[in-house]
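These notes concern the structure reproduced below.
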Amino acid sequence: MKHKNLGFIIAALGILGFATLLLIVIPSFQLAEIKAEEGLKPYTEIELAGRGIYIREGCVYCHSQQPRDPRQAPDKARGWGRPSTPGDYAYDYPHLLGTMRTGPDLFNIGVRQPSEEWHLVHLYQPRAVVSWSIMPAYPFLFERKPEAEAGDRVITLPPLYAPASGVVVAKPETIALVAYLKALKRDYPSTQLPFRSPRKTVEEASP
Amino acid sequence: MLPTVSILLVFTFLVSIAGLFVLIWSISSGQLSMGPEAPKVIFDEDELGHPEDPAGTKAQLASLETTLQESERYPHAHVSIHSQDLDERAELDHLARQPVLYLTLSSLLWLIVGSIAGLVVSIKFHAPDWLVDFGALGFGRLRPVHLNAVIYGWISMVGMGVSLWLTSRILRTPLYGARWAVWGTHLWNVGVLAGLVSILLGHSTGIEWLEFPIFVDLLFVIAGAMIGLPILKTIQNRRVHHLYVSIWYIGAAFVWFPVLFLVANIPDQYTGVQHAIVNWWFAHNVLGLWLTPFGLAAAYYFIPKILGKPIHSYQLSLLGFWGLALFYSQVGLHHLIGGPVPTWLVTLSIVSSVMMVVPVISVAVNHHMTMLGHFRALRYSPTLAFVVTGAMMYTLVSLQGSLQSLRTVNTVSHFTHATVAHAHLGVYGFVSFIMFGSLYFILPRLTRWEWPFPRLIQVHYVLALSGILVYFVFLSIGGVLQGMKMLDAAAPFQDSVLVTHPYLIARSIGGGLMTLGHLVFAYHVVVLVKGSGPARDRPRFAYRPQPKQRGAGA
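Just so you know, the sequences run in chain order V and L. Numbering-wise (the working numbering), the first sequence opens with residue 1 and increments by one. Numbering-wise (the working numbering), the second sequence opens with residue 1001 and increments by one.
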């Protein structure tokens, strides 16, 4: 016996198509009109390589990159920066907005913490610089050597965390990761704010 | 632009509401009425009043039958079922055996892998210097391994396996193209394995819920089609005219998933904020339009089937199904509340999230009203215990989801462990519980053997239930405290980290209980499949090959 009435499947597909139109297609037209923020620089080669390490090690699972509006949360007061706008993410693929704040928001970590040495030590052993941190240590991003060779980036550890002998050297990929973290600086003024204001929309705010 | 956007928003809302009203009208005016016989298609002649649960022992089944006959009155309850019908069922099981057994056994393997990865990740939250020497054991790699193993390995595979079996059983039709489904399962397994290894080696795409590399995505699309097409073909060639509600969910899930998966995986199409929108639209739809249908399809079959009585209201089940399709497909962007995305889009998702109350209540009334007065049956039917617990968790997790999408509530719960707790209540408390129950029912029929140690079923139930309760309750509390500290401008950020500490330890305990439960379950399944348990009254489900029917015209 042949039955042709698979109408419910077509209707089910139609409904999903409607949702796709609303949630994917229409926003893509709206967002296509948005340009990169004027003060935003594209990532350099080393920063992009570092971004790859950020993705590889899954930093996004604990760190968001989307400061909220001061009316919603005290993100700005914590030094996490002004609310982000779509133009701030113009060069981001894949996106790394994140959904967890097990650790702080990192969208402006480069502003808060410009020191390469601090970042390197923190990655090797977070508790060496932040006593209450629950971030995992990343010793595999470093090499232990009996002594430093030419061109090695040696990190200086507090005695409690330093190896008994030899030196700890950052791998090139780790230096790239820190270059990316230091580049997370959206301290330029936004031309797209207030993006999320209830009374103004993107069109009114954008140039 | 503002008027355009507002008009659009109002338009969408009106379309959805109009759709809902058309649906309610057509149900109440009998347009979609399928007659009082429709919900009874899952029963054979004279079967009403007869419970069925292959997972129970003979003694349990006898008690189950007595309990039900005390409360329900069916004219044929004392007539035994036609043995011809039972033979037919045995034959259908035999024909679906290979792909269903293969899919479910594979899914169990991924469940174990996923649970162990999850447990390690959980412990790392309170032991951050544990297992840090190798990149492959790092937190940020094991976490996506956990998620992808349980979503694409465990739930997707067990869901597809149960769906194959349900389709054949409900439509009383031999599974079409079982061989294709077996090959599809090979490919799917290769995909999961390759994907997990890629993540461990550091080749994640970095997109949550879509971490597998693109070649794995392609494998899934091909494998999914090889498993899904047999289902659609079986529906087309069915012997029963009416499509029972479970079939709607299964049929729709198998066409929804490829659309979602393909749209979300178009490479280099989206950047920045647009990418985040697509990402969360996909991730939430995977739960609602792929995993949820598996859970609901199974619950809609097993609850009435085990109790030997039709579902409470068949009309309501229509509302539940179309409501899910209409509203769930638009809820995803509540993951970006307060984020740098157009406000109207987020508002649309919040409205849809709240509207989800309609289908959720419809399903809840249907499931729980069918159960009403039969709670004693839970003691005698292992399948029912798992499935009904799962159905209750569905009501709970869905209402919580609607609540959590409101801006005021979301401001606290977003970015915290409370979201993770919520996700586990859904994927574990709801879908996994129903899948466990389904396997307890199906596997004895496929192996034609009984569960060797009825005690172990109880142990599994207690471990799984206590595990998810400890997990959910403590992690939710910890998450809310964390969120409140984060909103308190006077509290330093470290307070929001330190306040969660005891709750993170409790989470590991909950996760440990669940993992232990899975090991017990997996052991039990292995003994069942090997047939190496103690002999009681096996083999339980005789299979006598039916004489081949000669073509009428030949």
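Each residue gets a CB set at the ideal place from its N, CA and C atoms; glycine is no exception. Model, not experiment: these values are computed from the prediction.
Under 8 Å Cβ-Cβ, which residues of chain V neighbour residue 1333 of chain L?
Listed by position along chain V, the residues whose Cβ is nearer than 8 Å to that of residue 1333 of chain L are 23.
Look up residue 204 of chain V in the DSSP assignment and say whether it is helix, strand or coil.
Low confidence applies to residue 204 of chain V: its pLDDT is 43, below 50, so where it sits in the model is not reliable enough to give any reading.
Are the CB atoms of residue 86 of chain V and residue 31 of chain V within a distance shorter than 8 Å?
yes
Residues near residue 113 of chain V in its chain [Cβ-Cβ closer than 7 Å; skip 5 each side]:
Within the same chain, Cβ atoms closer than 7 Å to the Cβ of residue 113 of chain V are found at 119, the five residues on either side in sequence being excluded.
Name the DSSP beta bridge partners of residue 100 of chain V, please?
For residue 100 of chain V, which the question treats as bridged, DSSP gives the partners L:1415.
Measuring alpha carbon to alpha carbon, tell me which of L:1379, L:1464, L:1489 and L:1517 ends up nearest residue 1059 of chain L.
Nearest of L:1379, L:1464, L:1489 and L:1517 to residue 1059 of chain L, Cα basis: L:1379.
Measuring alpha carbon to alpha carbon, tell me which of L:1293, L:1189, L:1534 and L:1492 ends up nearest residue 1432 of chain L.
Nearest C-alpha to residue 1432 of chain L: L:1293.
I'd like to confirm the pairing. Which residues does DSSP put opposite residue 145 of chain V in its beta bridges?
V:167
Would you list the residues sitting across from residue 1341 of chain L in a DSSP beta bridge?
In the DSSP assignment, residue 1341 of chain L forms no beta bridge with any residue.
Which runs of the alpha helix (DSSP H) fall wholly inside the segment 1056-1143 of chain L and span at least 4 residues, in chain order?
The alpha helix (DSSP H) runs of length 4 or more contained entirely in the segment 1056-1143 of chain L are, from start to end of the chain, 1058-1071 and 1083-1126.
What is the residue span of the alpha helix (DSSP H) that residue 1266 of chain L lies within?
Unbroken run through residue 1266 of chain L: none, as it is neither H nor E.
Any beta-carbon of chain V closer than 8 Å to the one on residue 1172 of chain L?
no
Hey, is residue 1039 of chain L's beta-carbon within less than 8 Å of any beta-carbon in chain B?
Here chain B cannot be found, since the structure's protein chains are V and L.
Do residue 1329 of chain L and residue 15 of chain V have their C-beta atoms closer together than 8 Å?
yes
Going by C-alpha to C-alpha distance, which of V:140, V:24 and V:13 sits closest to residue 1276 of chain L?
V:24
Given that a residue counts as buried once 16 or more other Cβ atoms are within 10 Å of its Cβ, and exposed if not, what is residue 1066 of chain L?
exposed
Would you kindly check if the distance between the Cβ of residue 1177 of chain L and the Cβ of residue 1229 of chain L is under 8 Å?
yes
Measuring only the C-alpha atoms, how far is residue 1413 of chain L from residue 1481 of chain L?
9 Å
Pick from L:1186, L:1392, L:1189 and L:1533: whose alpha carbon is nearest that of residue 1368 of chain L?
Check the Cα spacing between residue 1368 of chain L and each of L:1186, L:1392, L:1189 and L:1533: the tightest is with L:1392.
Let me see if you follow: with CB-CB separation under 8 Å, is residue 1408 of chain L close to chain V or not?
no
Please decide whether residue 1281 of chain L counts as near chain V, where near means a Cβ-Cβ distance under 8 Å.
yes
Here's the rule I'm using: 16 or more other beta-carbon atoms within 10 Å means buried, otherwise exposed. How should residue 1528 of chain L be labelled?
By the neighbour-count rule (16 or more Cβ atoms within 10 Å), residue 1528 of chain L is buried.
Hey, is residue 95 of chain V's beta-carbon within less than 8 Å of any beta-carbon in chain L?
yes
Backbone CA spacing between residue 81 of chain V and residue 1430 of chain L [nearest angstrom]
39 Å
Would residue 126 of chain V and residue 135 of chain V qualify as a contact pair, given that the criterion is a beta-carbon distance under 8 Å?
yes
Given a cut-off of 8 Å on the beta-carbon distance, is the pair residue 1114 of chain L and residue 1150 of chain L in contact?
yes
Contact with chain V by residue 1552 of chain L, beta-carbon distance below 8 Å
Because the pLDDT of residue 1552 of chain L is 38, which lies under 50, any placement of that residue in the model is unreliable, and the number read from its coordinates should be weighed accordingly. Not an interface residue.
Spatial distance of residue 128 of chain V from residue 142 of chain V (CA atoms)
15 Å
Complete runs of the alpha helix (DSSP H) confined to the segment 1491-1533 of chain L [at least 4 residues]:
Within the segment 1491-1533 of chain L, the complete alpha helix (DSSP H) runs of at least 4 residues are 1493-1498 and 1501-1530.
For residue 1489 of chain L and chain V, any beta-carbon pair shorter than 8 Å?
yes
Contact defined as beta carbons within less than 8 Å: I believe residue 1374 of chain L pairs with residue 1061 of chain L. What is the distance between those atoms, to the nearest angstrom?
The pair is not a contact, with the Cβ atoms about 15 Å apart (cut-off 8 Å).
Do you know how far the Cα of residue 1268 of chain L is from the Cα of residue 1218 of chain L?
One C-alpha to the other measures close to 16 Å.
Taking 8 Å as the threshold (C-beta atoms), are residue 1335 of chain L and residue 99 of chain V in contact?
In this structure, residue 1335 of chain L lies closer than 8 Å to residue 99 of chain V by Cβ.
Are there 16 or more other CB atoms within 10 angstroms of the CB of residue 1305 of chain L, so buried, or fewer, so exposed?
buried
Against residue 9 of chain V, what residues of chain L qualify as contacts under a CB-to-CB distance less than 8 Å, listed in chain order?
1232, 1251, 1252 and 1255
Could you say if the segment 168-180 of chain V and the segment 51-66 of chain V meet the contact criterion of at least three C-beta pairs nearer than 8 Å?
A contact between stretches requires three or more CB pairs, one per stretch, nearer than 8 Å, and the segment 168-180 of chain V meets this requirement with the segment 51-66 of chain V.
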